[in-house]
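Numbering (the numbering used here), first residue to last: 10 to 443. Ideal placement from N, C-alpha and C gives every residue a C-beta, glycine not left out. Quick caveat, the model's predicted, so the values are computed rather than measured. Read the structure below first, then the notes.
Structure (structure tokens):
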């Protein structure tokens with residue numbers, strides 16, 4: 010098919026908070042983790058069909074105005090995103106505003122959503138923003154995309170220096186709520202700032218110490234139906250000592266095994282490998298943090314496979330469950346693996362030599378992406394932009410039936426992985442959204 014083009018940017022404007030940020034909230038301090046990482050964006054997108062929009066589908070200016078007004082109200086609560094990053098330690102919450110783009114694509118929404126090339130789907134994100142570092146844009150960039158059919162997509166790119174994926178979704182849910190009902194009462198988010206992971210004793214970090222990994226990769230998406238997920242869980246449970254393995258456990262293990270198999274096939278030999286999985290600490294620390302707390306409150310645990318004979322699903326899931334249980338019993342503030350690595354780098358010590366080939370799985374399956382209802386019903390599809398690095402798997406709920414996996418690999422490994430018969434027994438490599 011011919012390449013799709015962005016026809017025009019009808020507008021690019023700054024949307025400011027509806028009311029000024031109080032003087033007592035003018036400075037937002039970064040935590041140690043946020044100081045350590047570069048200014049990347051968390052990019053989520055939501056699609057709505059012309060049937061959902063009804064009479065609005067032929068009124069792009071009215072749709073834009075509706076979203077701009079509710080965004081302005083939402084920024085009263087999410088004011089740091091409308092500020093200016095003074096330095097690597099804090100934000101001046103000066104109500105500068107959030108950039109809002111209008112874009113028109115010369116194709117129906119179905120053509121974009123159903124294209125097997127995931128780069129086509131990425132047209133709904135601001136060009137050169139998703140996952141990028143030190144962008145010329147501000148701390149949040151919103152894009153409203155209009156399709157020829159009258160459908161739209163709404164995408165948000167929110168700075169990872171302020172919050173994580175949980176925050177990115179809650180921002181969209183609250184924005185959608187205010188669009189449905191301008192008088193709705195939104196619970197103001199709780200800003201963690203530097204209260205849990207403060208700056209080092211020597212003072213804030215002058216610049217990020219964790220290098221960003223933006224290597225070339227390609228993305229493929231796969232659908233695991235609910236029946237296939239159940240089948241895989243039953244199979245793993247019967248062959249291991251793990252009772253009731255979770256969907257995330259079995260799917261991340263399957264992806265880890267099959268991608269490592271592809272990497273081994275291309276390299277000619279097996280390399281000891283580990284699967285890194287990030288975990289949200291909000292409900293694990295004492296006292297527990299509210300679900301709408303803003304910040305990067307994360308840590309991670311790893312499943313190590315040293316021998317190729319151990320790279321099988323029962324063994325991977327068993328080791329994963331053990332590591333997860335150990336992770337839950339330790340003090341993830343004082344013994345936070347991520348924070349400890351950052352402090353070592355901040356002291357100028359060289360990073361530890363990597364003894365394992367690293368793979369990463371991030372699951373947002375517990376997050377209600379299909380609750381982002383601007384008044385037009387649940388989105389036809391929710392998505393995440395391609396990137397930021399290879400050997401990364403993102404898991405997300407797929408509508409009301411199953412789980413969607415976004416797999417990032419280099420082209421050579423992807424060409425082997427996408428033909429893996431064991432993987433394709435459970436995964437559908439392509440599915441029309443509608």
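Next on the checklist: Does the contact criterion of 3 or more C-beta pairs under 8 Å hold for the segment 29-37 versus the segment 371-385?
Outcome noted: no
Checklist entry - To which residues of the same chain is residue 93 closer than 6 Å at the C-beta, ignoring the five residues directly before and after it? => result Position 84 of the chain shown, counted from the start, is the residue given in the question as residue 93. Excluding residues within five positions, the ones whose Cβ falls inside 6 Å are 101, 103, 105.
Next on the checklist: Which of the three DSSP states is assigned to residue 350 in this structure?
Outcome noted: Translated into positions along the chain shown, residue 350 becomes position 341. In the structure shown, residue 350 sits in a helix (DSSP, three-state: H, G or I).
Checklist entry - Counting contacts by CB-CB distance shorter than 8 Å, is residue 291 in contact with chain B? => result The displayed structure is made up of one protein chain only, and chain B is not part of it.
Checklist entry - Under a three-way DSSP split, which group does residue 30 fall into? => result As a first step, residue 30 is located in the chain shown; it is residue number 21 there, counting from the start. DSSP places residue 30 in coil when its eight states are reduced to three.
Item to check | Through-space distance from residue 277 to residue 161, alpha-carbon basis | outcome: Against the chain shown, residue 161 aligns to sequence position 152. Against the chain shown, residue 277 aligns to sequence position 268. Rounded to the nearest angstrom, the two C-alpha atoms are 46 Å apart.
Checklist entry - For residue 40, which of 96, 178, 416 has the nearest alpha-carbon? => result Taking the first residue of the chain shown as position 1, residue 40 is located at position 31. Ranking 96, 178, 416 by Cα distance to residue 40 puts 96 first.
Checklist entry - With 16 as the cutoff for other CB atoms within 10 Å, does residue 210 come out buried or exposed? => result Here residue 210 refers to the residue found at position 201 of the chain shown. Residue 210 should be labelled exposed.
Item to check | Start and end residues, alpha helix (DSSP H) containing residue 130 | outcome: What you label residue 130 is simply residue 121 of the chain shown in a count that begins at 1. Residues 127-130.
Checklist entry - If you follow the alpha helix (DSSP H) that residue 156 is part of, which residue opens it and which one closes it? => result Position 147 of the chain shown, counted from the start, is the residue given in the question as residue 156. Unbroken run through residue 156 is the beta strand (DSSP E), 149-156; no alpha helix (DSSP H).
Item to check | residue 8, buried or exposed, once every other Cβ within 10 Å from all chains shown has been counted against 16 | outcome: The structure shown has nothing for residue 8, since the chain only spans 10 to 443.
Checklist entry - When the Cβ atoms of the segment 387-407 are set against those of the segment 418-426, are three or more pairs found closer than 8 Å? => result Enough Cβ pairs lie closer than 8 Å, so yes.
Checklist entry - Are the segment 172-189 and the segment 76-87 touching, with three or more C-beta to C-beta distances below 8 Å? => result yes
Item to check | Close beta carbons around residue 134, own chain, < 6 Å, minus the five adjacent residues each side | outcome: Mapped onto the chain shown, residue 134 falls at position 125. Counting only Cβ-Cβ distances below 6 Å, and skipping sequence neighbours, we find 52, 164, 394.
Checklist entry - In its own chain, which residues sit with a C-beta less than 8 Å from the C-beta of residue 275, not counting the 5 before and 5 after it? => result Position 266 of the chain shown, counted from the start, is the residue given in the question as residue 275. Once the five neighbours on either side are set aside, the close Cβ partners of residue 275 are 421, 422, 425.
Item to check | residue 203, DSSP secondary structure in three states | outcome: Looking up residue 203 in the chain shown gives position 194. If DSSP states are grouped into helix, strand and coil, residue 203 belongs with coil.
Next on the checklist: Give the list of continuous alpha helix (DSSP H) stretches no shorter than 4 residues that lie fully inside the segment 285-335.
Outcome noted: none
Next on the checklist: If you follow the alpha helix (DSSP H) that residue 267 is in, where does it begin and where does it stop?
Outcome noted: Residue numbering aside, residue 267 sits at position 258 when the chain shown is read from its first letter. Per DSSP, residue 267 belongs to the alpha helix (DSSP H) from 256-276.
Checklist entry - For residue 345, which option in 147, 111, 324, 287 has the closest C-alpha, if you only look at C-alpha atoms? => result Position 336 of the chain shown, counted from the first residue, corresponds to residue 345. Among 147, 111, 324, 287, the Cα nearest to that of residue 345 is on 287.
Checklist entry - For residue 427, which three-state DSSP category applies? => result Indexing the chain shown from 1 puts residue 427 at position 418. For residue 427, the three-state secondary structure derived from DSSP is coil.
Next on the checklist: If I measure Cβ to Cβ from residue 281 and keep anything under 6 Å in the same chain, skipping five residues before and after, which residues do I get?
Outcome noted: By 1-based counting over the chain shown, the position of residue 281 is 272. Once the five neighbours on either side are set aside, the close Cβ partners of residue 281 are 315, 365.
Checklist entry - Between residue 10 and residue 62, what straight-line distance do the alpha-carbon atoms span, to the nearest angstrom? => result As a first step, residue 10 must be located in the chain shown, where it is residue number 1. As a first step, residue 62 must be located in the chain shown, where it is residue number 53. Because the pLDDT of residue 10 is 47, which lies under 50, any placement of that residue in the model is unreliable, and the question is left without a value.
Checklist entry - With C-beta atoms as the reference, is residue 327 less than 8 Å away from residue 251? => result Along the chain shown, read from residue 1 onward, the residue named residue 327 stands at position 318. Along the chain shown, read from residue 1 onward, the residue named residue 251 stands at position 242. Yes, they are a contact pair.
Checklist entry - When the Cα atoms are used, what is the spatial distance from residue 436 to residue 88? => result Working through the chain shown from its first residue, we reach residue 436 at position 427. Working through the chain shown from its first residue, we reach residue 88 at position 79. Roughly 41 Å between the two C-alpha positions.
Item to check | Extent of the continuous beta strand (DSSP E) run through residue 416 | outcome: Indexing the chain shown from 1 puts residue 416 at position 407. Looking at the DSSP string, the run of the beta strand (DSSP E) that includes residue 416 is 412-418.
Checklist entry - For residue 116 versus residue 156, is the C-beta spacing smaller than 8 Å? => result Your numbering for residue 116 matches position 107 in the chain shown. Your numbering for residue 156 matches position 147 in the chain shown. Yes, Cβ-Cβ distance for residue 116 and residue 156 is below 8 Å.
Checklist entry - Is the beta carbon of residue 262 less than 8 Å from the beta carbon of residue 322? => result Your numbering for residue 262 matches position 253 in the chain shown. Your numbering for residue 322 matches position 313 in the chain shown. Yes; because the gap between Cβ atoms is below 8 Å, this pair is in contact.
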